[in-house]
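Residue numbers (full-length UniProt numbering): 1 to 97.
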């Protein structure tokens with residue numbers, strides 16, 4: 001019975017870092033989209049933002065060492081609009097009254 005109690009207590013432990021807010025997720029999508037537009041097709045570049053200890057940190061994955069110049073280009077150009085990062089939006093269904 002004590003094992004069950006320990007398991008339940010550990011399952012309720014809150015992680016030290018919080019998950020990113022929806023704003024950070026959208027900004028991450030914008031950066032990833034910008035990278036996808038600059039890097040060759042099939043590249044697996046991913047940019048994520050997360051909050052830790054009150055700071056926003058950026059993680060960059062999948063950039064080949066010989067393509068760092070493209071990453072610099074991503075960060076020196078304007079980000080694509082949010083509508084591009086969100087993808088195509090479906091219109092809301094309209095019901096006749």
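Just so you know, even glycine gets a beta-carbon here, dropped at the ideal spot from N, CA and C.
For residue i, the residue or residues it bridges with in DSSP
i          : result
residue 49 : 58
Pairwise C-alpha distance: residue j and residue i
i          : j          : result
residue 69 : residue 96 : 54 Å
residue 73 : residue 58 : 16 Å
residue 94 : residue 52 : 42 Å
residue 61 : residue 71 : 11 Å
residue 80 : residue 44 : 18 Å
residue 37 : residue 75 : 12 Å
residue 78 : residue 49 : 17 Å
residue 46 : residue 54 : 23 Å
residue 32 : residue 65 : 17 Å
residue 83 : residue 35 : 16 Å
residue 39 : residue 28 : 16 Å
Exposure of residue i, with buried meaning 16 or more beta-carbon neighbours within 10 Å
i          : result
residue 22 : exposed
residue 56 : exposed
Residue i, DSSP secondary structure in three states
i          : result
residue 79 : coil
residue 94 : coil
residue 44 : coil
residue 63 : coil
residue 21 : coil
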